[in-house]
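Residue numbers for the sequence shown follow our numbering, beginning at 469 and rising by one. Positions of the beta carbon are idealized from the N, C-alpha and C atoms, including for glycine. Single-structure report; data block below.
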Amino acid sequence: MVAGSLTLGASRYLPVPRVSAPSAGSAAPRYNRCGKSGCRCHADPPQLHGPYFQWTAKVDGKTVNRRLSEREAEAYLEWIGNDRRLRSLVTEMRELAKQATDLILEDQD
Ligand SMILES: [Zn+2]
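Listed below in structure tokens is the structure:
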């Protein structure tokens with residue numbers, strides 16, 4: 469656990485870290501039109517096919533797309549949420565550390 473003033477700021481996050489695997493990238497539902505004229509996806513109003521889930525992320529500087537099953541999509545959505553929470557926690561802790569640093573350095577004057 470982090471010592472001193474950082475503990476106060478971090479303590480409200482304590483219920484969260486029941487964290488399973490974090491994942492970068494995004495996964496959003498997509499709806500498509502197919503090529504068959506007369507299909508319901510070309511009707512008025514159109515009933516598009518889907519939802520299809522696709523995971524998109526940067527891996528080694530390249531954009532990677534991967535089609536996901538419904539079950540995979542559920543897992544990825546949770547992992548991506550974990551990743552966002554971890555990153556915002558790190559951002560918050562850096563901000564608190566900066567404030568703590570300023571206070572510590574002021575005290576030494
Ligand atoms: Zn169609």
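Sequence-distant residues of the same chain with beta carbon closer than 7 angstroms to Ala525, five excluded per side: Spatial neighbours of Ala525 in its own chain (CB-CB distance under 7 angstroms, excluding positions within 5 residues in sequence) are listed in chain order as Ala492, Gly493 and Val532.
CB contact flag (Pro490, Pro519, <7 angstroms): Contact annotation: Pro490 and Pro519 have beta-carbon atoms that are not nearer than 7 angstroms.
Pairwise C-alpha distance: Gly549 and Thr559: Separation of Thr559 and Gly549 (C-alpha to C-alpha, rounded to the nearest whole angstrom) is 15 angstroms.
Rounded distance between the beta-carbons of Tyr544 and His517, thought under 8 angstroms: The beta carbons of His517 and Tyr544 sit about 20 angstroms from each other, so the pair does not count as a contact at 8 angstroms.
Contacts around Pro485, its chain only, beta-carbon distance under 7 angstroms, and the 5 residues preceding and following it disregarded: Residue confidence for Pro485 is low, a pLDDT of 48 falling below 50, so the modelled location carries little weight and cannot support an answer.
Buried versus exposed, by CB contacts within 10 Å (16 or more), Ala511: Counting C-beta atoms within 10 angstroms of its own C-beta, Ala511 has fewer than 16 neighbours from the protein chains shown and is therefore classed as exposed.
Contact check, Gln522 vs Arg501, beta carbons under 7 angstroms: Not closer than 7 angstroms, so no.
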